[in-house]
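Asker:
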Amino acid sequence: MAPRGRPRAFDRDDALNKALALFWERGYDNTSMADLSAAMALSPPSIYAAFGGKEMLFDEVITHYATHYGASIWGNLDRFKLAREATQHVLIASANAFTRDDTPHGCLVVLAAPQAESNHATVNQTLRGHRRKVTEILKNLYEAGLDRGDIPRGTNIDKMANYYATVQHGMSIQARDGATRDELIAVAEAAMATWPSLISTSPVKA
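Each step along the sequence shown adds one to the number in UniProt numbering, with nothing skipped, and position 26 is 26.
#1: Reducing DSSP to helix, strand and coil, say where Ala179 ends up.
#2: Taking all protein chains shown into account, do 16 or more other C-beta atoms lie within 10 angstroms of the C-beta of Thr99, making it buried, or fewer, making it exposed?
#3: How far does the alpha helix (DSSP H) with Tyr142 in it extend, from its first residue to its last?
#4: Taking all protein chains shown into account, do 16 or more other C-beta atoms lie within 10 angstroms of the C-beta of Gly75, making it buried, or fewer, making it exposed?
#5: Please state whether the Cβ-Cβ distance between Arg12 and Gly106 is less than 8 Å.
#6: One question on the structure: do Asp150 and Leu77 come within less than 8 Å of each other, judged by their Cβ atoms?
#7: Helix, strand or coil for Ala206? Go by DSSP, reduced to three states.
#8: I need the straight-line Cα distance from Ala39 to Thr63, nearest angstrom please.
#9: Does the beta-carbon of Ala161 have 16 or more other beta-carbons within 10 angstroms, so that it is buried, or is it exposed?
#10: Short check: CB of Arg181 to CB of Ala121, under 8 Å?
#11: For Tyr142, tell me which candidate among Gln88, Ser37, Met33, Pro44 has the shortest Cα-Cα distance.
#12: Tell me whether the beta-carbon of Phe58 lies closer than 8 Å to the beta-carbon of Val123.
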């Protein structure tokens with residue numbers, strides 16, 4: 001006998017993909033349990049039995065998203081010999097990923113955040129953690145660049161990581177607002193054009 005509250009034929013990945021699409025399109029606040037139940041073809045009790053409720057489902061959706069959609073951007077960055085090449089890849093791959101025809105535009109982690117912090121502290125904490133991870137990955141790239149020598153000692157790599165993470169997050173918002181792939185590529189190219197000034201250790205003259 002199947003566990004009570006859970007259907008006999010339960011495909012967890014399929015259910016996660018359907019929930020992911022809904023959260024990605026509508027955001028956390030605008031996705032109700034009724035919406036999830038209809039999209040996932042699961043009753044609310046079945047969703048609670050399988051995932052533990054909306055917040056826990058969303059947490060699993062974010063992990064699923066990072067694994068299946070983030071790899072094209074963040075996967076195997078150590079294959080690049082230079083930090084600049086890796087950063088350029090991140091921005092160009094983001095432009096491609098954020099404007100796919102088969103998914104909502106933009107990044108789920110950037111766009112799905114609830115509006116009311118006090119009501120969804122756990123959800124917002126999860127999303128902040130994933131967004132901070134972007135900055136941490138970039139900082140690790142730049143630390144490796146310092147060790148190799150392609151980024152000069154004295155460069156403020158914290159500033160660089162924050163800058164390029166902010167650009168990448170902004171590209172997500174622009175994509176949701178209708179920016180095309182070519183427009184986002186132009187943003188990426190403009191951001192990369194600032195690289196020489198970011199790695200300069202000379203004081204800026206007034």
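C-beta: ideal position from N, C-alpha, C; glycine also. Because the structure is a prediction, the values reported are computed rather than measured.
Answerer: If we stick to the structure as given:
#1: Ala179 sits in coil when the DSSP states are folded into three classes, being neither helix nor strand.
#2: The residue is buried, with at least 16 neighbouring Cβ atoms inside 10 Å.
#3: Segment 121-148, the alpha helix (DSSP H) holding Tyr142.
#4: Looking at its Cβ environment, which holds fewer than 16 other Cβ atoms inside 10 Å, Gly75 is exposed.
#5: Taking 8 Å as the cut-off, the Cβ atoms of Arg12 and Gly106 do not count as close.
#6: Against a cut-off of 8 Å, the Cβ pair of Leu77 and Asp150 comes out as no contact.
#7: In this predicted model, Ala206 has a pLDDT of only 42, less than 50, meaning its place in the structure is not dependable enough to derive any value.
#8: Annotation: Ala39 to Thr63 spans about 19 Å, alpha carbon to alpha carbon.
#9: Residue environment for Ala161: buried (at least 16 other C-beta atoms within 10 angstroms of its C-beta).
#10: Going by C-beta atoms, Arg181 is not nearer than 8 Å to Ala121.
#11: With distances taken between Cα atoms, Tyr142 lies closest to Gln88.
#12: For Phe58 and Val123, yes; Cβs fall inside 8 Å.
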